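With mature numbering (1 follows the signal peptide of the UniProt record, and there is no 0) as the guide, the letters of the sequence shown map in order to residues -17 to -1, 1 to 491.
Where a beta carbon is used, it is the ideal one built from N, C-alpha and C, also for glycine.
A quick note: this is a predicted structure, and the numbers were derived from the prediction, not measured.
For reference, the structure is listed below as structure tokens.
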Amino acid sequence: MRWHVAIFLYWATRILAERFDEHLELTALPDGKVLGHWTFTTTLEDAEPGLSHAQHYTLFPLGLGQILNAHGASELHLALNAGQWNYKLWGSPPEPSVASGAEIWTWMRARNSTEADARWVGLRNALAGVFCASLGSLDDQRTTTPALSFRPSVPLPIGKHELRHATLPAEHVCTENLTPFVKLLPCKASAGLATLLNPHALFSAPFHGLSVHYTAGALKLAVQAVFTPPRQDWSLHTLLDRSVPAACTVASSSTLSIVAAGAQLDPEPLTDLNGVMQYDLASASYPVEVTIRHPVDTVFSHRRLTPAVSLRRTMTGSAQYAGGLLVQLENARNETVRVSYLETLPWFVTLYLHTLDIRVDEDPRQRLDLLERLSYVPPRAPAPTTLEPILRLPPMSRVTMRFQLERAFLLYTQHPPDAQRGWDLPPAAVTILPPSSPPITAGPGGQVVFAFHGPPERVYAKTLLADLATPDFSMPYNVIIMSSTLVALLFGNVFNLMTRAFVIVNAQ
């Protein structure tokens, strides 16, 4: 009987080690829109999915935990977005991964690259099944291993790890992705802040996205969207067409924050600190409905901060074979900023590194001295090109990089559907680095060792469309029709001559 008690106490301690927190922040933006940011965090305080005894939990999603354990993912980041994030108007996003389409990057335990590739294939296929997304198409043609960008967010466990990163710009997020996403939550969409995830309101937003982040026993599911309220005064019901009907009983904390300086809220918030008004839903009366009103004499003050570095890139040239790439990095600070720029191009787009041209503002001089380090992986079909320079941007300056490139002629079987539309190029990314970073080293056991300075600030550029030379896809059809017509005419005449009986008819 004692061993029954011991087992019960053991599993009771495992249950108590799990924690679930949910939070929603609604922020008024300068252009009149409202930013909604949901975060659902599940923490395993003394266990990780990689441990065998940690496969028994009550709050952490079992299916996702088994996938992380089976494929050795020590850190995972997945984002599904639709729309373009406006850094100038909306500032820095709460979740930095705002690239259009799908983006996934992970650090996996692997002894060598072969094992890492095998685990990467299994991981992306498993996640594709969980989230009903086209992640299985992130093959070698779209997978990269950046050397400088996407460093681990937290120290990795003992052992050798490898990074894999891939993007799918043409992927669209919709209800079939939201449904399995919500099912990973302990209360699903029946109670708590997840009930406000109305698909009609969410997917009508100019920008919306889902993201999954796993690091060191902590799983964060996040949703961010920019809504357009029907009027200046709004409420949860007018904005999301829903209210919170009941509390999620397993949540350790459930809070609602509204950032709208000068606004009047009904009911009164629990706390008001510098324009951030917060409600504790654990002690609220349900259903929860909050109304935001702006008096006539309200002086609007927005707390959104724009990134220190802005990024803009474009394709130059009108030819389908040759062209160029123009990248502009603008530093808005009064100090020098170190950045890491990541450019990923498909294998059929060849970038000529010797044509690199760096200039500052209107100065005609070449400024290669701003280039601190450069990592370049040339294209080897089907693997893409990866370019990663580390630059030092002078204070209050605009740095322009130019490259010459050419696009290869593809076989007609290598073109994607709707080839005349062009090929979606992955978005470029800029990561703001600390003023000085020690070199990357390897610790005991072969694990990668980094210097950690908190979550990095990352800025994404818009996706580009590469116009490729396309063949006449109707030519096979034309050839078949022409050949069939000629064969039919020839066969008809020959068959007529072979089967016709010629008879001499007397003229009288």
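Excluding five sequence positions before and after Y70, the CB atoms of its chain that fall closer than 7 Å to its own CB belong to T289, P290, S293, V442, given in chain order.
When DSSP assignments are scanned along the segment 326 to 408, the uninterrupted stretches of beta strand (DSSP E) that are 3 or more residues long and fall wholly within it turn out to be 332 to 343, 354 to 360, 368 to 376, 380 to 390, 406 to 408. Contact between P367 and W330 holds, since their C-beta atoms are separated by about 6 Å, short of 8 Å. In its chain, beyond the 5 residues on either side, G66, W68, V209 have a beta carbon closer than 6 Å to the beta carbon of F190. In the three-state scheme derived from DSSP, where H, G and I count as helix and E and B as strand, T446 is classed as coil. Judged by DSSP secondary structure, K71 falls within the alpha helix (DSSP H) whose first and last residues are 70 to 73.
By alpha-carbon distance to Q349, the top candidate from Y335, E78, V382 is V382. Here A153 has G84, D407 as same chain residues with Cβ atoms under 8 Å from its own Cβ, once five neighbours each way along the sequence are excluded. DSSP, read as helix, strand or coil, puts D100 in helix. Taking C-beta atoms as the reference points, T333 and E389 count as a pair closer than 8 Å. A direct Cα-Cα distance of roughly 11 Å separates L106 from L121. Non-local C-beta neighbours of L151 in its own chain, meaning closer than 7 Å and more than five positions away in sequence, comprise G84, A85, S117, S120, L121, R125, ordered along the chain.
The residue among L223, E313, L139, T232 with its C-alpha nearest the C-alpha of K171 is T232.
Rounded to the nearest angstrom, the gap between the Cα atoms of V17 and L393 is 45 Å. Note that the segment 210 to 221 touches the segment 13 to 28; at least 3 beta-carbon pairs, one per stretch, sit closer than 8 Å. Counting only runs of at least 3 residues, the segment 242 to 300 fully encloses the following beta strand (DSSP E) elements, listed from N- to C-terminal order: 247 to 249, 254 to 256, 259 to 263, 274 to 276, 292 to 299. V156 and N317 have their C-alpha atoms spaced approximately 39 Å apart. C-alpha of L472 to C-alpha of A188: approximately 60 Å in a straight line.
Taking C-beta separations shorter than 7 Å and ignoring five residues to either side along the sequence, the partners of A230 in its chain run A174, G175, S237, L264, A265, Y269, following chain order. Inter-segment contact for the segment 85 to 104 and the segment 455 to 463 is absent: fewer than three beta-carbon pairs are separated by less than 8 Å. The criterion of a C-beta distance shorter than 8 Å is satisfied by L161 and L193. Note on geometry: alpha-carbon atoms of I373 and L339 lie some 14 Å from one another.
When the Cα atoms are used, S96 and H148 turn out to be separated by approximately 14 Å.
Beta-bridge pairing by DSSP links A62 to E86, S194. Rounded to the nearest angstrom, the gap between the Cα atoms of P378 and F386 is 24 Å. Under the DSSP definition of a beta bridge, E1 partners with L27.
The residues V113, F114, C115, in chain order, have a CB closer than 7 Å to that of P163 in the same chain once the five nearest residues on each side in sequence are set aside.
Pairing L7 with S240, the inter-Cα distance amounts to about 6 Å. For the pair K203 and V81, the Cα-to-Cα distance works out to about 16 Å. Taken through DSSP and simplified to helix, strand or coil, G307 comes out as strand. When DSSP assignments are scanned along the segment 446 to 487, the uninterrupted stretches of beta strand (DSSP E) that are 3 or more residues long and fall wholly within it turn out to be 447 to 449. Per DSSP, the beta-bridge partners of Y324 are V413.
Per DSSP, the unbroken beta strand (DSSP E) holding H144 starts and ends at 144 to 151.
By the neighbour-count definition (other C-beta atoms within 10 Å, threshold 16), S467 is an exposed residue.
Where K203 is concerned, there is no enclosing alpha helix (DSSP H), although the beta strand (DSSP E) around it starts and stops at 201 to 210. With contacts defined by Cβ atoms closer than 8 Å, T446 and H398 do not form a contacting pair.
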